[in-house]
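Engineer: Protein chains in written order, with this note's numbering: chain B, 10 to 416; chain F, 10 to 416. Ideal Cβ positions, reconstructed from N, Cα and C, are used throughout, including at glycine.
Protein chains: 2
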Amino acid sequence: MSIDEIAPPPRLLMGPGPISVDPRVLRAMAAPLVGQFDPFMTTTMNETMALYREVFATGNEQTFLVDGTARAGIEAALVSLVEPGDRVLVPVFGRFGHLLAEIAGRCGAEVHTIEVPWGRVFAPEQVAAAIEEVRPKVLACVQGDTSTTMCQPLAEIGALCREHDVLLYCDATASLGGNEFRADSWRLDIATAGLQKCLGGPSGSAPITLSPRAVEIVNGRRHVEAGIREASDEARGRVIGSNYLDLAMLMDYWGPRRLNHHTEATSMLYAARECARLLAAEGIDAAVERHALHGRAMLEGVQGLGLGVFGDLAHKMNNVVAVEIPEALGAAGGDAVRGRMLDDFGIEIGTSFGPLHGKVWRIGTMGFNARKDAVLTTLAALEQVLRSSGVAVPAGGGVEAALAVYR
Amino acid sequence: MSIDEIAPPPRLLMGPGPISVDPRVLRAMAAPLVGQFDPFMTTTMNETMALYREVFATGNEQTFLVDGTARAGIEAALVSLVEPGDRVLVPVFGRFGHLLAEIAGRCGAEVHTIEVPWGRVFAPEQVAAAIEEVRPKVLACVQGDTSTTMCQPLAEIGALCREHDVLLYCDATASLGGNEFRADSWRLDIATAGLQKCLGGPSGSAPITLSPRAVEIVNGRRHVEAGIREASDEARGRVIGSNYLDLAMLMDYWGPRRLNHHTEATSMLYAARECARLLAAEGIDAAVERHALHGRAMLEGVQGLGLGVFGDLAHKMNNVVAVEIPEALGAAGGDAVRGRMLDDFGIEIGTSFGPLHGKVWRIGTMGFNARKDAVLTTLAALEQVLRSSGVAVPAGGGVEAALAVYR
Numbered sequence: 010m011s012i013d014e015i016a017p018p019p020r021l022l023m024g025p026g027p028i029s030v031d032p033r034v035l036r037a038m039a040a041p042l043v044g045q046f047d048p049f050m051t052t053t054m055n056e057t058m059a060l061y062r063e064v065f066a067t068g069n070e071q072t073f074l075v076d077g078t079a080r081a082g083i084e085a086a087l088v089s090l091v092e093p094g095d096r097v098l099v100p101v102f103g104r105f106g107h108l109l110a111e112i113a114g115r116c117g118a119e120v121h122t123i124e125v126p127w128g129r130v131f132a133p134e135q136v137a138a139a140i141e142e143v144r145p146k147v148l149a150c151v152q153g154d155t156s157t158t159m160c161q162p163l164a165e166i167g168a169l170c171r172e173h174d175v176l177l178y179c180d181a182t183a184s185l186g187g188n189e190f191r192a193d194s195w196r197l198d199i200a201t202a203g204l205q206k207c208l209g210g211p212s213g214s215a216p217i218t219l220s221p222r223a224v225e226i227v228n229g230r231r232h233v234e235a236g237i238r239e240a241s242d243e244a245r246g247r248v249i250g251s252n253y254l255d256l257a258m259l260m261d262y263w264g265p266r267r268l269n270h271h272t273e274a275t276s277m278l279y280a281a282r283e284c285a286r287l288l289a290a291e292g293i294d295a296a297v298e299r300h301a302l303h304g305r306a307m308l309e310g311v312q313g314l315g316l317g318v319f320g321d322l323a324h325k326m327n328n329v330v331a332v333e334i335p336e337a338l339g340a341a342g343g344d345a346v347r348g349r350m351l352d353d354f355g356i357e358i359g360t361s362f363g364p365l366h367g368k369v370w371r372i373g374t375m376g377f378n379a380r381k382d383a384v385l386t387t388l389a390a391l392e393q394v395l396r397s398s399g400v401a402v403p404a405g406g407g408v409e410a411a412l413a414v415y416r
Numbered sequence: 010m011s012i013d014e015i016a017p018p019p020r021l022l023m024g025p026g027p028i029s030v031d032p033r034v035l036r037a038m039a040a041p042l043v044g045q046f047d048p049f050m051t052t053t054m055n056e057t058m059a060l061y062r063e064v065f066a067t068g069n070e071q072t073f074l075v076d077g078t079a080r081a082g083i084e085a086a087l088v089s090l091v092e093p094g095d096r097v098l099v100p101v102f103g104r105f106g107h108l109l110a111e112i113a114g115r116c117g118a119e120v121h122t123i124e125v126p127w128g129r130v131f132a133p134e135q136v137a138a139a140i141e142e143v144r145p146k147v148l149a150c151v152q153g154d155t156s157t158t159m160c161q162p163l164a165e166i167g168a169l170c171r172e173h174d175v176l177l178y179c180d181a182t183a184s185l186g187g188n189e190f191r192a193d194s195w196r197l198d199i200a201t202a203g204l205q206k207c208l209g210g211p212s213g214s215a216p217i218t219l220s221p222r223a224v225e226i227v228n229g230r231r232h233v234e235a236g237i238r239e240a241s242d243e244a245r246g247r248v249i250g251s252n253y254l255d256l257a258m259l260m261d262y263w264g265p266r267r268l269n270h271h272t273e274a275t276s277m278l279y280a281a282r283e284c285a286r287l288l289a290a291e292g293i294d295a296a297v298e299r300h301a302l303h304g305r306a307m308l309e310g311v312q313g314l315g316l317g318v319f320g321d322l323a324h325k326m327n328n329v330v331a332v333e334i335p336e337a338l339g340a341a342g343g344d345a346v347r348g349r350m351l352d353d354f355g356i357e358i359g360t361s362f363g364p365l366h367g368k369v370w371r372i373g374t375m376g377f378n379a380r381k382d383a384v385l386t387t388l389a390a391l392e393q394v395l396r397s398s399g400v401a402v403p404a405g406g407g408v409e410a411a412l413a414v415y416r
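1) Mind reading off the beta-carbon distance from B:V64 to B:A285? Whole number of angstroms is fine, and I expect it under 8 angstroms.
2) Would you report the Cα separation of F:L316 and F:P335, rounded to the nearest angstrom?
3) Bridge partners of B:R80, per DSSP?
4) May I ask you to list the residues that DSSP assigns as paired with F:G359?
5) Using C-beta distances below 7 angstroms, list every residue in its chain close to F:L308, excluding the 5 sequence neighbours before and after it, in chain order.
6) Output needed in chain order: residues of the segment 152 to 170 of chain B with a Cβ under 7 angstroms from some Cβ in chain F.
7) By DSSP, does B:Y262 sit in helix, in strand, or in coil?
8) For F:A164, which residues from the same chain have a beta carbon less than 6 angstroms from its beta carbon, with the 5 sequence-adjacent residues on both sides left out?
9) Along the alpha helix (DSSP H) that carries B:D418, what are the first and last residues, could you check?
10) Step through the CB atoms of chain F and report whether any lies within less than 9 angstroms of the CB of B:G44.
11) Taking the alpha carbon of F:A132 as the reference point, which residue from F:A113, F:G167, F:G114 has its own alpha carbon closest?
12) How many whole angstroms separate the CB atoms of B:G94 and B:E111, which I take to be in contact at a CB cut-off of 8 angstroms?
13) Grab the span of the alpha helix (DSSP H) containing F:T275 for me, first residue to last.
14) Counting C-beta neighbours from all protein chains within 10 Å, is the total for B:D180 16 or more, i.e. buried, or is it exposed?
15) Using a Cβ-Cβ cutoff of 8 angstroms, what residues of the segment 263 to 283 of chain F are near chain B? List them in chain order.
16) Do F:Q161 and F:I28 have their CB atoms nearer than 9 angstroms?
17) Starting from F:Y178, trace the beta strand (DSSP E) both ways and give me its first and last residue.
18) Three-state secondary structure (DSSP) at F:V329?
19) Whole alpha helix (DSSP H) runs in the segment 54 to 117 of chain F with 4 or more residues, listed along the chain?
20) What does F:A79 touch in chain B if you count any residue whose Cβ is under 9 angstroms from its own?
21) Tell me which same chain residues have a C-beta within less than 6 angstroms of the C-beta of F:A138, skipping the five on either side of it?
22) Thinking C-alpha only, which one of B:D255, B:R349, B:L288, B:E273 is nearest B:V227?
23) Look at the alpha carbon of F:R380 and the alpha carbon of B:A37, and state the distance between them as a whole number of angstroms.
24) Please state if the CB of B:R115 and the CB of F:V369 are separated by a distance shorter than 9 angstroms.
25) Of all Cβ atoms in chain B, is any one closer than 9 angstroms to the Cβ of F:G250?
26) Can you confirm whether B:H107, when its beta carbon is compared against all beta carbons of chain F, has any partner nearer than 9 angstroms?
27) Please list the residues of the segment 324 to 343 of chain B that have a C-beta atom closer than 9 angstroms to any C-beta atom in chain F, keeping them in chain order.
28) For F:G203 and F:A215, I'd like the C-alpha separation in whole angstroms.
29) When the Cα atoms are used, what is the spatial distance from F:T387 to F:G355?
30) Beta-carbon within less than 6 angstroms of F:A81's beta-carbon, same chain only, minus the 5 sequence neighbours each way: which residues are those?
31) Quick one: list the residues of chain F neighbouring B:R422, beta-carbon separation under 7 angstroms, in chain order.
32) For chain F, find out if any of its Cβ atoms is closer than 9 angstroms to the Cβ of B:S29; answer yes or no.
33) Please identify, using Cβ separations under 8 angstroms, the residues of the segment 361 to 377 of chain F that lie next to chain B, in order along the chain.
34) Compile a chain-ordered list of the residues in the segment 47 to 73 of chain B whose CB is closer than 8 angstroms to at least one CB of chain F.
35) Pop quiz: B:P25 and B:R371 are said to be a contact at Cβ under 8 angstroms. What is the actual Cβ separation, rounded to whole angstroms?
36) Starting from B:L219, trace the beta strand (DSSP E) both ways and give me its first and last residue.
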């Protein structure tokens, strides 16, 4: 078999993520390894914990990485919190709410969901009523669901959960770094993310933060592995249903005891550290502002091309917009436009799931690609492809509208 | 907080893994991303599947990557095969056998173990007797356990398992690529590995292969996620206890349907592909020979320094040796020597676990570091550190013995 070294075609990734990785993050991954308990390694782990405390806006000591994609972070949170039979309430406003429900179900939870139509978010009263009815142990909620582009406000939900002694887990995969996020002041108990959206990195590492209250619950189920257990390591509570995603073990590994668990994915650690380092250097608030600016430019740009936009714009995530596929394009036209964007211009825009499948494209402006040139290039290319596909679009309407935002 | 870009100190990693990554693999990780369903991405995934079929010596269609460290691969295999209450038999000959038992237990298995003293492997009759007594659904066995440096022969165990209709899972994390491995002719049902040992990559991706028999068992528990399920996707069997590590879903994602699951960790995919590509270009048998050669040179080298070696040398893994810490060094002397190797020479050698803790160093020769200069440099440095620590060592005894192997 003759296979050459990897040589990806140049792509401008303007879908809902993964997006083009910041070249500085790519370079960080090319740094050589050190041993698993090398002083440089443990220092790097500690620095990464400190950096993600800034990103999550938290003082939580237990802020670290799960070695897997964003989904591994979600499952680590839920499998470590939820015991079989526990009630979990999931407000579902898009595909990733269904995912939280699915994962909670696999953990043996009695799952209750409430739903709003795609394109909307929940009002606090709706969540309050469901909490009072279900009396869940855990409420699991997505912040930004790219399937609908909606961003769920969390401050009131956090207060409600605390008031009712409910643990609040938040999946911030698609929103963190590009939308306001306050783990502590919103009183979140666990939040998880991934690198491949607003953090500007590749998929494969899941930052996580746990409140002291969550730490207590998780450590109430702490079982140190037979091979490395000491006399003082008394087992307690019901064993967590996963070894790999057992947050009690991960805390022992990232903590001062450095109890051996998995072999840390060092190159992904370097990537995660660099993502957070760049964000901290820019300033988290400035990064959110940048996402808001370029997201607005993209929104007004597609509207300037005469295209409709899906969903409640008052609650749109900064970093993605759902653009209605013009009816003139016909049933297969949406995919044909995406194909030409990719083949002719090297630009990827996203398809969609479920009720929006075939109805909208999802266009992202996030991480390294939350930039003026990326926005304008995408709009210019989209104008060309739409026109030659038979859609009447105003010449320069997209780019001009975006430029007006920048001016 | 002021944190600089990552700048690891130069290290020659000669422990039991992780080891220094091949620079070509580091470069592959710095390649830019493409979208998750870009034609280049799916081609790259298919190439990676083909390359790992060579590495595992298998024709198994279902040969792909689990997005996590080696331990994620182990758990994916066990959680997908084992239903709560199933009997699992684990022959334990070191720490990682205990890990398999621990993970199987978390999956709800009724776990049975048999043990041999550390430093030995099992004879087929011992395994046969246990299979007849326990009648397990799954036999889970490590191939090479770095904690003892032993390499368990698997051909007879594979035949026994087939004869008794037992599913055979093998953890080849530490052995694959550096020791003979034949998934098909040994009749393994699932085998998993990691990149950070003989494959010469960083931790964070777990290659896996499933026999058609294993595929049938796993797909007997296939449940497509609510958000993307179609009418024909009937749920069947007992749901797998993890979403992230559900091999039925992962096969749908890597297969022609490309059903959305996690967002593939693209940079780690590039790394895994490059590890296997380099190995395939060298020839798997040649790579195993290389590990045998440099492993023998390291073994004879430490013996040439007058040091004892732990375990049954007839069954030693090619890629690691357990070197007895001279009694003259006293209780803390072993760690002091390791510290000076690291601080003065930038060379890491390994400590050990359990009954061997404080008794042996583990020195690896694997992946990119299965090289003459790495072996000789390590032996030269070890001689210097031992002498200045008060151990009588013959001048040049290590390097000369190793050179004799190379001549």
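Structural biologist: Reading from the atomic positions:
1) At roughly 5 angstroms, the Cβ-Cβ gap stays under 8 angstroms, so B:V64 and B:A285 are in contact.
2) The straight-line gap from Cα to Cα measures roughly 7 angstroms.
3) None, per the DSSP bridge assignment.
4) F:G359 is bridged to F:R371.
5) Counting only residues of its own chain and dropping the five nearest sequence neighbours on each side, F:L308 has a CB closer than 7 angstroms to the CB of V318, V330.
6) Those residues of the segment 152 to 170 of chain B that come within reach of chain F (Cβ to Cβ, closer than 7 angstroms) do not exist; the list is empty.
7) Looking at B:Y262 - three-state DSSP - the assignment turns out to be helix.
8) Excluding positions up to five away in sequence, the list reads W195.
9) One cannot answer for residue 418 of chain B here, as it falls past the ends of chain B, which runs 10 to 416.
10) Closer than 9 angstroms to some Cβ of chain F, the Cβ of B:G44 qualifies, so yes.
11) Ranked by how close their Cα comes to the Cα of F:A132, the residues F:A113, F:G167, F:G114 have F:G167 in first place.
12) At roughly 17 angstroms, the Cβ-Cβ gap does not stay under 8 angstroms, so B:G94 and B:E111 are not in contact.
13) Start and end: 275 to 291.
14) If you draw a 10 Å sphere on the C-beta of B:D180, you find 16 or more other C-beta atoms in it, and that means buried.
15) The residues in question are N269, H270, H271, T272, E273, A274, T275, S276, M277, Y279, A280, R282, E283.
16) In this structure, F:I28 does not lie closer than 9 angstroms to F:Q161 by Cβ.
17) For F:Y178, the uninterrupted beta strand (DSSP E) run begins and ends at 176 to 180, by DSSP.
18) F:V329 falls in the strand class under three-state DSSP.
19) Those alpha helix (DSSP H) runs which fall completely within the segment 54 to 117 of chain F and span 4+ residues are 79 to 90, 104 to 115.
20) Per Cβ cutoff of 9 angstroms: H271, T272.
21) Counting only Cβ-Cβ distances below 6 angstroms, and skipping sequence neighbours, we find nothing.
22) That would be B:D255, whose Cα lies nearest to the Cα of B:V227.
23) The straight-line gap from Cα to Cα measures roughly 26 angstroms.
24) Taking 9 angstroms as the cut-off, the Cβ atoms of F:V369 and B:R115 do not count as close.
25) So yes, F:G250 belongs to the interface.
26) At least one chain F Cβ lies under 9 angstroms of B:H107.
27) Those would be none; no residue qualifies.
28) Cα-Cα distance, rounded: 5 angstroms.
29) So the alpha carbons of these two residues sit roughly 10 angstroms apart.
30) Counting only Cβ-Cβ distances below 6 angstroms, and skipping sequence neighbours, we find V75, A215.
31) As displayed, chain B neither begins before 10 nor continues past 416, which places residue 422 of chain B out of reach and without an answer.
32) At least one chain F Cβ lies under 9 angstroms of B:S29.
33) Contact annotation: in the segment 361 to 377 of chain F, residues whose CB is within less than 8 angstroms of a CB in chain B are F362, G363.
34) Residues D47, F49, T53, E56, A59, L60, E63.
35) That belief holds up - the Cβ atoms of B:P25 and B:R371 are roughly 4 angstroms apart, short of 8 angstroms.
36) Residues 215 to 219.
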